[in-house]
Amino acid sequence: MTGTAALGGAGLLAALAGRAPVYGQSLGAPAEPVTGVTIPLDLVAAERPTALPCFAGHTLPMWTLSDETWLPIVRMPFGAALEVSLENRLPREGEHASIHWHGIRLPNDQDGVPYLVQPPVLPGDRYAYRFTPPDTGTFFFHTHCNTAEHLGRGLHGVLIVEGDETEPYDADEVLLLRDWRIDAALGQFLAFTTNRGAGRAGTYGPVRSVNGIVGPTIDLPASGDCRLRLINVDPTRILTLGIEGADAAIVAVDGVAIAPIALFRWELGPAMRIDIVIRSPADGGTAQLVDYRIDPPLPLAALRGVGAPVRTGGFDPAPLRAGHVPEPDLSKALPWELRFDASGDADIAVVDDPALPYLGPLCLTLNDFWTINEAGWPSADHARLPAPLAELTRGATYAVTLRNPSRFHHPIHIHGHTLKVLASDKQTIVPHFADTVLLLPEETIQAAFVADNPGKWMIHCHVAEHQETGMMGYYTVG
Ligand SMILES: [Cu+2]
20 MTGTAALGGA GLLAALAGRA PVYGQSLGAP AEPVTGVTIP LDLVAAERPT ALPCFAGHTL
80 PMWTLSDETW LPIVRMPFGA ALEVSLENRL PREGEHASIH WHGIRLPNDQ DGVPYLVQPP
140 VLPGDRYAYR FTPPDTGTFF FHTHCNTAEH LGRGLHGVLI VEGDETEPYD ADEVLLLRDW
200 RIDAALGQFL AFTTNRGAGR AGTYGPVRSV NGIVGPTIDL PASGDCRLRL INVDPTRILT
260 LGIEGADAAI VAVDGVAIAP IALFRWELGP AMRIDIVIRS PADGGTAQLV DYRIDPPLPL
320 AALRGVGAPV RTGGFDPAPL RAGHVPEPDL SKALPWELRF DASGDADIAV VDDPALPYLG
380 PLCLTLNDFW TINEAGWPSA DHARLPAPLA ELTRGATYAV TLRNPSRFHH PIHIHGHTLK
440 VLASDKQTIV PHFADTVLLL PEETIQAAFV ADNPGKWMIH CHVAEHQETG MMGYYTVG
């Protein structure tokens, strides 16, 4: 399959193809790795009372990974090794932690999923990770149990593997997009999960933020080509992003370069990232990052031009360097069918019971609202693995059909590999690589990948409450 795969339908992104010019420059040659560089990283998971600007004067018991900052942003050169020391100082008995490096195609034993690939790291214990990311781009990291609460309290960080620029942009900013489940009057966290939310679209946070601020103004050099790394780490919310008041192009999806296309609207589910380049406004002018998913559209951040103009002339953003993910050859692909659906129990979820209890050290749930291929997980002890969803052959190429018969969106995340997203029966897809694929209600997406990374790998919805009430499983590559 080549070019844009259009299978009809009138989904949101259908408009993208008509209104998204492809800019003139094709991708650069893949980045060359540096050698002999090791980046140390100390992470200490702990409760740290914090007064983020979006907390309206309140100090909340956040769970974070560093004494220095609530949001560690790790930048490392491509080819370097990351050497991590994790210490668990979380305040609750049995509350284990491990770090999953979202989107990084790393060796299986570094993937950070408790019970599946490593023992849980209990309070008071330490654990070490060491790996060399094989891709440039924008990634993040987080724990992988009790995820709705851990993400809800802020237990995450950003990992940027540099070296993908063909020429330097005029700025490089991380925009971390997320809500907070807080009662602004009482200054307390609300319950991180509810039955009603878990069985439907998820439990939303009433306070929305960018980099911990409600509606921040981000200064950029005026009239420059500025890189913005947009990362949705919300446990629940899907964003429909666009830029008002400036030209903007998408240059990477989930860290992997695409030839620049104009940003019109892009749906960014939990755990998904896009890198965009905008031509920033002239000195004193502002553009807006907007979420069009709600009515009226909500400005999320103002982007203000400051200083003498950096550039003149038309907007034709420099592309990134091509990624390193192997290109699947569909002529040799084996089929793999995945169906993400509600279980019969989902109907009871509309009853808004009191908050679900804490999941406990085995990440157990009391509810089976969601399934993959008609099986829900976890419904039993995580220390005893169920059967895998599939046993794939190492080195083979798979054509994956991802079906969503349900009425809700599901951002499906695959560990260990990066999918090439090819086509949909609801929208026009610009083919791109992704580690998290947003399935619209009743949508079927075609994707493909080369199963070249041996091990046991999770595949799950990244709406944390869907994951924790069944929409989670694993596959093996042997
Ligand atoms: Cu889901």
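For what it's worth, the numbering used here labels the leading residue of the sequence shown as 20, then goes sequentially. Even glycine gets a Cβ: it sits at the ideal position worked out from N, Cα and C.
If you run the structure through DSSP and keep just helix, strand and coil, what is residue i?
i: ALA167; result: helix
i: SER425; result: coil
i: GLU106; result: strand
i: PHE526; result: Within the shown structure, residues of the chain are numbered from 20 to 497, placing residue 526 beyond reach of any answer.
i: ARG94; result: strand
i: GLN446; result: coil
i: PRO345; result: coil
i: GLU487; result: helix
i: ASP202; result: strand
i: GLN129; result: helix
i: ALA147; result: strand
i: ALA217; result: helix
i: PHE388; result: coil
i: VAL482; result: coil
Any idea which residues DSSP pairs residue i with across the strands?
i: LYS475; result: THR495
i: GLY324; result: LEU239
i: LYS439; result: PHE452 and ALA467
i: CYS245; result: ALA190 and ILE297
i: LEU308; result: ILE262 and ALA320
i: VAL229; result: LEU196 and ILE232
i: ASN251; result: LEU196
i: TRP355; result: VAL419
i: ILE179; result: ARG94 and THR157
i: GLU184; result: LEU339
i: ILE269; result: ILE280 and ILE295
i: LEU79; result: THR69
i: GLU410; result: THR495
i: PRO433; result: Contrary to the premise, residue 433 reads as Ile rather than Pro in this sequence. DSSP lists ILE478 as partners of ILE433.
Given residue i, which residues of its chain have a CB within under 8 Å of its CB, disregarding the five upstream and five downstream residues?
i: THR495; result: PRO407, ALA409, GLU410, LEU411, GLY474, LYS475 and TRP476
i: VAL296; result: TYR188, ASP244, CYS245, ARG246, LEU247, ALA267, ALA268, VAL270, PRO279, PRO336 and ALA337
i: TRP89; result: ARG67, THR69, LEU71, MET81, THR83, GLY173 and GLY231
i: HIS119; result: ASP130, GLY131, VAL132, PHE160, HIS161, THR162, HIS163 and HIS434
Closest to residue i by C-alpha separation, out of the options, would be which residue?
i: ASP360; options: LEU282, ARG219 and LYS439; result: ARG219
i: ALA281; options: PRO289, ASP294 and ASP273; result: ASP294
i: HIS513; options: VAL226, GLU192, GLU184 and ASP154; result: Residue 513 lies beyond the residue range present for the chain, which begins at 20 and ends at 497; the question has no answer from this structure.
i: THR331; options: LEU170, ALA241 and GLY182; result: ALA241
i: GLY489; options: ALA394, HIS175 and VAL56; result: ALA394
i: ALA116; options: ASP130, ARG124 and GLY122; result: ASP130
i: ALA352; options: PHE211, PRO300, SER425 and GLY414; result: GLY414
i: HIS451; options: GLY363, GLU87, GLY234 and GLY274; result: GLY274
i: MET491; options: THR305, LEU135, ARG298 and LEU194; result: LEU135
i: ARG298; options: ARG108, VAL103, PRO328 and ILE391; result: PRO328
i: LEU441; options: PHE283, LEU458 and MET291; result: LEU458
i: VAL63; options: GLY98, GLU102 and ARG108; result: ARG108
i: GLY234; options: GLY206, PHE211 and ASP198; result: ASP198
i: GLU461; options: ALA204, VAL449 and HIS429; result: HIS429
For residue i, count neighbouring Cβ atoms within 10 angstroms of its own Cβ and tell me buried if that reaches 16, exposed if not.
i: TYR146; result: buried
i: ILE313; result: exposed
i: ASP128; result: exposed
i: TYR223; result: exposed
i: LEU239; result: buried
i: VAL140; result: buried
i: GLU356; result: exposed
i: SER350; result: exposed
i: VAL53; result: exposed
i: GLY497; result: exposed
i: GLN446; result: buried
i: ALA301; result: exposed
i: THR236; result: exposed
i: ASN86; result: According to the sequence as given, residue 86 is Asp; it is not Asn. Flag for ASP86 reads exposed.
i: PRO376; result: Because the pLDDT of PRO376 is 47, which lies under 50, any placement of that residue in the model is unreliable, and the number read from its coordinates should be weighed accordingly. Flag for PRO376 reads exposed.
Take residue i and list the residues in its own chain whose beta-carbon comes closer than 7 Å to its own, dropping the five residues that flank it on each side.
i: PRO126; result: PHE150
i: ASP191; result: ARG246
i: ARG67; result: MET81 and THR83
i: VAL344; result: ASP154, VAL275, THR437 and PHE452
Can you list, in chain order, the residues of its chain with a C-beta nearer than 6 Å to that of residue i? Leave out the 5 residues immediately preceding and following it.
i: GLY27; result: Interpretation of GLY27 is limited by its pLDDT of 34, a score under 50 that renders its predicted location unreliable; no figure is taken from the coordinates.
i: PRO347; result: THR416, LYS439, ALA467, PHE468 and VAL469
i: THR221; result: Sequence inspection shows Gly at residue 221; the Thr mentioned does not correspond to that position. Contacts found: THR255, VAL482 and GLU484.
i: PRO152; result: ILE123 and VAL180
i: LEU319; result: VAL229, LEU308 and ASP310
i: HIS169; result: THR162
i: ARG422; result: ARG358 and THR463
i: LEU209; result: ARG200 and ASP202
i: VAL6; result: Residue coverage of the chain in this structure runs from 20 to 497, which leaves residue 6 outside it and unanswerable.
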